[in-house]
Amino acid sequence: MHYDTLSIPEATRLQQALREKLVIQPRDFPLQVVGGADISFNRFSTTVYAGIVLLSFPALQPLTYSLVKKEVHFPYVPGYLAFREVPALMEAWEQLPLKPDVLVVDGHGIAHPRRMGIAAHFGALSGQASIGCAKKRLFGTYTEPGPERGAYTPLLHKEEVIGSVLRTKAHVKPVFVSPGHRMDVQDSLSLILQCCGRYRLPEPTRLAHAAVNRFRLGELPEGITQIPADH
DNA sequence: GCGACAG
DNA sequence: ATCTTGTCGC
């Protein structure tokens, strides 16, 4: 992956090419394992700590952690997050002993100017079903959903529905859910809501975030960690 | 030209 | 994203 040396115009071209590979359709596979992906890093540092956590579904019990440390030089530019984070995530992905049925990525899916947010980018590259779940809006218009858990409104671009604004917990800021690959808007929304417990963020995202942070702080080792089932 | 702007 | 201080509520 030579993302580090790409110019923004070149990156835009790559997004336009990958867009042709995207499949947005109702989920057509069973759901038994979900993954959560996230990145952590120190401010001003070029080292990123990537992680993917596997959870059983619908029980949401953690099964495995895959952690990878990598150098990146592509800058953070809104609309081009994938070029910073996907290479490290792909390494974490490749060392997984078993792949999840769907991967929840911290960021947007098709709710992006060229429909190529990080979740869509990762899905188009890997062939993996994916969903984007972001904490802030990048693209699209919406009205505020109701204050109750489960309330949602469409994220729109012109007439097109590109995602959902979902209240995952009563009276907290909503999250932005959009399909990445091999999912549609409705199935993405449904899955994310099923992944939410008593917190604002869905469990795959929460656990991935906790894992990469502990990894960065030296509390977890690089590589694969199998989590023993508790009996 | 002026705002907006995932992580 | 990360860091930091303070407040609210279970």
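Using our numbering, count along the first sequence one by one with no gaps and you end on 1413.
From the three backbone atoms N, C-alpha and C, an ideal C-beta is built for every residue, glycine too.
Just to confirm, is the Cβ distance from residue i to residue j under 7 Å?
i	j	result
S1360	H1303	no
P1356	R1349	yes
M1272	R1201	no
A1301	G1362	yes
A1274	K1252	no
D1220	D1288	yes
P1384	I1374	yes
C1315	V1286	yes
Q1214	D1366	no
A1352	R1331	yes
V1230	V1259	no
T1323	T1335	no
A1311	V1284	yes
P1279	L1236	no
Helix, strand or coil for residue i per DSSP?
i	result
Y1381	coil
I1374	helix
L1307	helix
Q1277	coil
D1288	strand
V1367	helix
P1386	helix
L1338	strand
V1359	strand
V1347	strand
I1300	helix
I1313	strand
I1409	coil
E1192	helix
E1267	helix
T1187	helix
In terms of alpha-carbon separation, which member of the options lies closest to residue i?
i	options	result
I1419	I1221, D1210, G1261 and G1405	The structure shown does not extend to residue 1419, since the chain is modelled only from 1183 through 1413, so no value can be given for it.
Q1277	P1336, L1338, L1249 and A1241	L1249
G1233	C1315, F1226, T1246 and E1326	T1246
T1194	L1242, D1210, T1228 and L1263	L1263
F1256	G1328, K1281 and M1183	M1183
F1223	Q1243, E1267 and V1235	E1267
Q1197	K1281, I1292 and R1296	R1296
V1347	H1339, C1377, K1340 and F1358	F1358
P1410	P1244, P1212, L1337 and R1398	P1244
F1414	H1294, T1228, R1398 and A1199	Only positions 1183 to 1413 of the chain appear in this structure, which leaves residue 1414 out of reach.
| Should the stretch 1366-1374 be regarded as contacting the stretch 1390-1397, the criterion being three or more beta carbon pairs within less than 8 Å? | no
| query | Of all the beta strand (DSSP E) runs that stay within the bounds of the stretch 1198-1251, which reach a length of 3 or more residues? | reply | You should have 1215-1223 and 1229-1238.
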